[in-house]
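Structure record follows, encoded as structure tokens.
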Amino acid sequence: MSFTLEILHDEKCVHIKVSGLINMDLRHEILTCAVNALNEHGYLRLFIDVSDTQFNPNEMMTRAIALVNFMTELDFPQKCRIAFFYLSDEEYRKFFECAAQTAGFDLNYFGSEKAAFEWLKSWSDIPVNKR
């Protein structure tokens, strides 16, 4: 389990590529690095590629709510748009997507990398405000 973080200045986007088995510690580390990079650069677009990851099948789906609460604690920029690119485990991802959207996050999962980037780019940046 690992991840890389890249700043895409032309797109005003933080890009994260995750691989391997995902657990809650790795999720926390990824989101902490993401919010730090977003705030450092003043960007409001976050792309997280989880297409090469696996979930622990024994991990309860209710941990998605704990992850949304962690995102709130991290103080993500209020108007941040978050796109995930995935290829499997849709039931887990959709549950997290719904929980995050209910909490006010502009977050969507996409089965196509192109569709995810188009969704991010279709939105114009506004000044960073905190949640």
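For what it's worth, the numbering used here labels the leading residue of the sequence shown as 37, then goes sequentially. Glycine included, every Cβ here is placed at the ideal spot set by N, Cα and C.
In the three-state reduction of the DSSP assignment, Phe-153 falls in the helix class. Here Ile-52 is not near Phe-91, since their CB atoms are 8 Å or more apart. Residues Ala-100, Ile-101, Val-104 of the same chain have their beta carbon placed closer than 7 Å to that of Ala-135, with the five preceding and five following residues left out of the count. Excluding its 5 nearest sequence neighbours in each direction, Cys-69 has C-beta neighbours in its own chain below 6 Å: Leu-41, listed in chain order. In this structure, DSSP gives Cys-49 an extended state, which the three-state scheme calls strand. Here Asp-111 carries a coil assignment [DSSP, helix/strand/coil]. Between the beta-carbon of Phe-83 and that of Leu-156 there is about 6 Å, and that keeps the pair under the 8 Å contact cut.
Note that the C-beta distance between His-64 and Phe-106 is below 8 Å. For Asn-59, no alpha helix (DSSP H) run applies, since DSSP gives it neither H nor E.
In the structure shown, the three-state DSSP call for Ala-119 is strand.
Here Ala-152 is buried: its Cβ has 16 or more other Cβ atoms, across all protein chains shown, within 10 Å. When DSSP states are grouped into helix, strand and coil, Phe-39 belongs to the strand group.
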